[in-house]
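Chains A and B are the protein sequences, given in the same order. Adding 254 to a residue's 1-based position in the first sequence gives its number in the numbering used here. Adding 254 to a residue's 1-based position in the second sequence gives its number in the numbering used here. Positions of the beta carbon are idealized from the N, C-alpha and C atoms, including for glycine.
There are 2 protein chains.
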Amino acid sequence: MADVAKAAGVSVMSVSYSFAQPERVSESTRAKVFAAAEELEYAGPNRAAQSLRSGKFNNIAVVFSEKLTYAFEDAVARRFLSGVAEACLDANAGLMMLPNSGKPGDVDRVRDAAVDGFVVWTTVFDDPILDAIVGTGKPACIQGGPLHEGVDLVGMDDVAGAVAIAAVGLSGAQRPVVISLPWDRERRSEIRMDVDPGEALFPVSRHRLEGYERGVRNAGLEWSSVRVGVVTVNERSEGARMARSLLDVPVSRKPDAILAMSDELALGALDAIRELGLALPDDVAVVGWDDTTAASDAGLTTVRQSLFDQGRNAARVVLGLDDAVEPVEWSVRRRTST
Amino acid sequence: MADVAKAAGVSVMSVSYSFAQPERVSESTRAKVFAAAEELEYAGPNRAAQSLRSGKFNNIAVVFSEKLTYAFEDAVARRFLSGVAEACLDANAGLMMLPNSGKPGDVDRVRDAAVDGFVVWTTVFDDPILDAIVGTGKPACIQGGPLHEGVDLVGMDDVAGAVAIAAVGLSGAQRPVVISLPWDRERRSEIRMDVDPGEALFPVSRHRLEGYERGVRNAGLEWSSVRVGVVTVNERSEGARMARSLLDVPVSRKPDAILAMSDELALGALDAIRELGLALPDDVAVVGWDDTTAASDAGLTTVRQSLFDQGRNAARVVLGLDDAVEPVEWSVRRRTST
DNA sequence: TTGAAAGCGCTACCAG
DNA sequence: CTGGTAGCGCTTTCAA
Numbered sequence: 255m256a257d258v259a260k261a262a263g264v265s266v267m268s269v270s271y272s273f274a275q276p277e278r279v280s281e282s283t284r285a286k287v288f289a290a291a292e293e294l295e296y297a298g299p300n301r302a303a304q305s306l307r308s309g310k311f312n313n314i315a316v317v318f319s320e321k322l323t324y325a326f327e328d329a330v331a332r333r334f335l336s337g338v339a340e341a342c343l344d345a346n347a348g349l350m351m352l353p354n355s356g357k358p359g360d361v362d363r364v365r366d367a368a369v370d371g372f373v374v375w376t377t378v379f380d381d382p383i384l385d386a387i388v389g390t391g392k393p394a395c396i397q398g399g400p401l402h403e404g405v406d407l408v409g410m411d412d413v414a415g416a417v418a419i420a421a422v423g424l425s426g427a428q429r430p431v432v433i434s435l436p437w438d439r440e441r442r443s444e445i446r447m448d449v450d451p452g453e454a455l456f457p458v459s460r461h462r463l464e465g466y467e468r469g470v471r472n473a474g475l476e477w478s479s480v481r482v483g484v485v486t487v488n489e490r491s492e493g494a495r496m497a498r499s500l501l502d503v504p505v506s507r508k509p510d511a512i513l514a515m516s517d518e519l520a521l522g523a524l525d526a527i528r529e530l531g532l533a534l535p536d537d538v539a540v541v542g543w544d545d546t547t548a549a550s551d552a553g554l555t556t557v558r559q560s561l562f563d564q565g566r567n568a569a570r571v572v573l574g575l576d577d578a579v580e581p582v583e584w585s586v587r588r589r590t591s592t
Numbered sequence: 255m256a257d258v259a260k261a262a263g264v265s266v267m268s269v270s271y272s273f274a275q276p277e278r279v280s281e282s283t284r285a286k287v288f289a290a291a292e293e294l295e296y297a298g299p300n301r302a303a304q305s306l307r308s309g310k311f312n313n314i315a316v317v318f319s320e321k322l323t324y325a326f327e328d329a330v331a332r333r334f335l336s337g338v339a340e341a342c343l344d345a346n347a348g349l350m351m352l353p354n355s356g357k358p359g360d361v362d363r364v365r366d367a368a369v370d371g372f373v374v375w376t377t378v379f380d381d382p383i384l385d386a387i388v389g390t391g392k393p394a395c396i397q398g399g400p401l402h403e404g405v406d407l408v409g410m411d412d413v414a415g416a417v418a419i420a421a422v423g424l425s426g427a428q429r430p431v432v433i434s435l436p437w438d439r440e441r442r443s444e445i446r447m448d449v450d451p452g453e454a455l456f457p458v459s460r461h462r463l464e465g466y467e468r469g470v471r472n473a474g475l476e477w478s479s480v481r482v483g484v485v486t487v488n489e490r491s492e493g494a495r496m497a498r499s500l501l502d503v504p505v506s507r508k509p510d511a512i513l514a515m516s517d518e519l520a521l522g523a524l525d526a527i528r529e530l531g532l533a534l535p536d537d538v539a540v541v542g543w544d545d546t547t548a549a550s551d552a553g554l555t556t557v558r559q560s561l562f563d564q565g566r567n568a569a570r571v572v573l574g575l576d577d578a579v580e581p582v583e584w585s586v587r588r589r590t591s592t
């Protein structure tokens, strides 16, 4: 930069301003600077020096639970990520991916990340990465919870949503079952009964389960006998596998309503129902969550919310483009699966 | 760091070494340093200063054609990305996402990216971003092409693969059709005939098309009458849509073989075939590409290659962990779809 | 194994 | 609108 200044016959500061705040310098100065820069093949301020001096990196991190692979395989996480990417484009900021493996190294990665803030995909209650993030003193926003001091939270009211969708899905049902998102980081596939939602370590699972429990009771049914099938990942094939297990019982106990926690899982359930030759919604009703395009194509009754908007909002808050997290709008979409 | 040095009663360099190369200093010095650091709540070297001084960022970028959304929606791109992420974990390096929108701003983004190298997802021939990347003087590796001076290339021989899979898919066929990956950045959905592969602007599409053309001629058929359906994105639903169009012709011209350029597209074709009540492979044979798990579940004959390994290898080369790009192994997997 | 000096390239700050 | 100065926090280099 000093060389450019010399060549242009101006001060170093004029060069700096020409690149950083072009409108601050006169047109003639700017022209001289850019001409000299071109001449010397100077491509612009050095990023590292800029960061050192300004204390900013112009990057944000998006932190994903577990392997990045899960994040990419999950359609809902992808929508969220797209929203984050959009905000980064708005702000001309870089987007760093930060895996949150659940191992000790995560804390170091967070501390050392060359970023100005963190957008976090929902993780388990008491994840130590949240304290690590707060410890950096940088802004952070988490989607879906858990609520954590010093971290903004974006997401819908999952309990209320679950109560509302259950009211639709359970109309006339006698033997509902639930297909649940993963329970904890172990990601075991299992069928449980008499479930205490409070034991689920992922906040989204816990809250939707709480709502489903309430919904079941509101429908005058017994929660203790409701089977809850927990999947390992939020994928259609997992939903189908679990639905097959849940439906593989004597006729007298055959489920007549499936409350899934996501559209992917619900779509899998629809696959299983089709395979088994059952009638939808007469033999069994199905509800999902998120209102993806595939869900609307399939006529799935679901909870509508925009993960893209949440990703965008979360990132904009972290980037300082938005002042605060906006409340998330949601609604129940009734379709032919109920 | 100076404060820590003072508190520990050692030189600044001993502090620096304690963090950067712990084995270089004596145990006692290290202990003193870490104790002082803890006391002063010093969390470790400042990233920006480290980068300024060392000239390294300890980050690599992965550059995706067009919107990031496409990258995330594409199952194959995702596998590749997972491989890149794995390598970053090996190297303890950060992973930055860099969108390549095809607009002028891309060049600036590349130039300003705080990274040590670039892993590039396949893009169009003559994409100006490639020159921009070379212009940074940083290492780069592209998957799938185009071949570009100064950029390493990882990927299989698509022409040979296409010839080989076509030989299987076209056995006994009279009226083959092709379902092609996007043609260019316009991403128009269209059905073409008498196609000149050389006109395709995505190298992967061009090369596979070249191989399919050869395969068709090898089978003693006329290429000029082969319909090539080009999709907008590599998604199952797009494959199904295109297959329906291609199959929606009078019986006498009904396709009896579908050469798809990806498993996703091929799986979509299988969906369409099932809907239409056609017999697989008797009425129509289908081949795909990549050998995803969904493809093997569906009994799809396909070209097997590992995008994960390619992503990992590409990133390791860029990170300097591997010396050179390894040749990609591939094979034809024969299953029940042919 | 430890240390001193120099300076990476830039921008905040203040002055004109 | 332009410019001078100082110093961000570290590591490279060289020396002991």
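Between the segment 501 to 518 of chain B and the segment 443 to 453 of chain B, the count of Cβ pairs shorter than 8 angstroms is below three; the stretches do not touch.
For Asp406(A), the enclosing beta strand (DSSP E) stretches over residues 406 to 408. Closer than 8 angstroms to the CB of Asp438(A) there is not a single CB belonging to chain B.
Runs of the alpha helix (DSSP H) lying entirely within the segment 480 to 530 of chain A and spanning at least 4 residues, in chain order: 490 to 501, 517 to 530. The segment 422 to 439 of chain A and the segment 507 to 522 of chain A touch, with three or more beta-carbon pairs separated by less than 8 angstroms. Contact between Ser434(A) and Val470(A) does not hold, since the beta-carbon distance rounds to 13 angstroms and is not under 8 angstroms. A residue is called buried once 16 or more other Cβ atoms fall within 10 Å of its Cβ, and Asn313(B) is buried on that count. Classified as exposed, Asp362(A) has fewer than 16 neighbouring CB atoms from the shown chains inside 10 Å of its CB. With respect to Asp563(A), Arg570(A) sits apart: the two C-beta atoms are not nearer than 8 angstroms.
Between Val317(A) and Leu349(A), the C-beta spacing is not below 8 angstroms.
Taking a C-beta distance under 8 angstroms as the contact criterion, Thr555(A) and Arg588(A) qualify as a contact pair. Look at the segment 264 to 326 of chain B and you find these whole runs of alpha helix (DSSP H), each 4 residues long or longer: 266 to 274, 281 to 293, 301 to 308. In the DSSP assignment, His461(B) is bridged to no other residue. Under a 10 Å Cβ-count criterion, Asp536(B) is classified as exposed, with fewer than 16 other Cβ atoms of the shown protein chains found around its own Cβ. Under the DSSP assignment, Gln397(A) falls in the beta strand (DSSP E) whose first and last residues are 394 to 397. With a beta-carbon spacing of about 7 angstroms, Trp375(B) and Ala325(B) fall inside the 8 angstroms limit used to define contacts. Within the same chain, Cβ atoms closer than 8 angstroms to the Cβ of Arg365(A) are found at Ala386, Gly389, Thr390, the five residues on either side in sequence being excluded. Less than 8 angstroms separates the beta-carbon of Ala259(B) from that of Val266(B). By the CB criterion at 8 angstroms, Glu518(B) and Glu489(B) fall inside the cutoff.
Taking the CA atoms as reference points, Ile445(A) sits about 43 angstroms from Gly409(B).
Along the segment 345 to 366 of chain B, the positions whose C-beta sits under 9 angstroms from a C-beta of chain A are Asn346, Gly348, Leu349, Met350, Met351, Leu352, Pro353, Ser355, Gly359, Asp362, Arg363, Arg365, Asp366, read in chain order.
Identification of chain B residues near Thr377(A) by a Cβ-Cβ cut-off of 9 angstroms yields none; the smallest Cβ-Cβ distance measures about 18 angstroms.
In the structure shown, Arg429(A) falls within a coil segment according to DSSP collapsed to helix, strand and coil. Excluding the 5 residues flanking it on each side, Ala315(B) has same chain C-beta neighbours closer than 6 angstroms at Met350, Leu352, Ala367, Val369, Phe372, in chain order. In terms of beta-carbon proximity, Ala256(B) stays away from the interface with chain A, with every pair separated by 8 angstroms or more. In summary, the residues of the segment 475 to 508 of chain B whose CB is separated from some CB of chain A by less than 9 angstroms are Ser491, in the order they occur in the chain. Taking 3 residues as the minimum length, the beta strand (DSSP E) runs contained wholly in the segment 552 to 578 of chain B are 556 to 558, in order along the chain. Proximity to Pro299(A) across Ala329(A), Leu322(A), Ser268(A), Glu281(A) peaks at Ser268(A), based on C-alpha coordinates.
Bounds of the alpha helix (DSSP H) holding Pro382(A) are 382 to 390. In terms of Cβ geometry, Ala473(B) and Ala497(B) do not form a close pair [threshold 8 angstroms]. Using a Cβ-Cβ cut-off of 7 angstroms, Thr323(B) is close to Ser336 of chain A, given in chain order. For the segment 290 to 301 of chain B, residues whose beta-carbon sits nearer than 7 angstroms to a beta-carbon of chain A comprise Ala297, Gly298, Arg301. Against chain A, the beta carbon of Ala339(B) has neighbours under 7 angstroms at Leu322, Met351, Pro353, listed in chain order. Within 10 angstroms of the beta-carbon of Lys357(A) lie fewer than 16 other beta-carbons, which makes it exposed. Taken atom to atom, the span from the alpha-carbon of Ala414(B) to that of Leu407(B) is near 17 angstroms. Taking 7 angstroms as the cut-off between beta carbons, none of the residues of the segment 540 to 557 of chain B comes near chain A.
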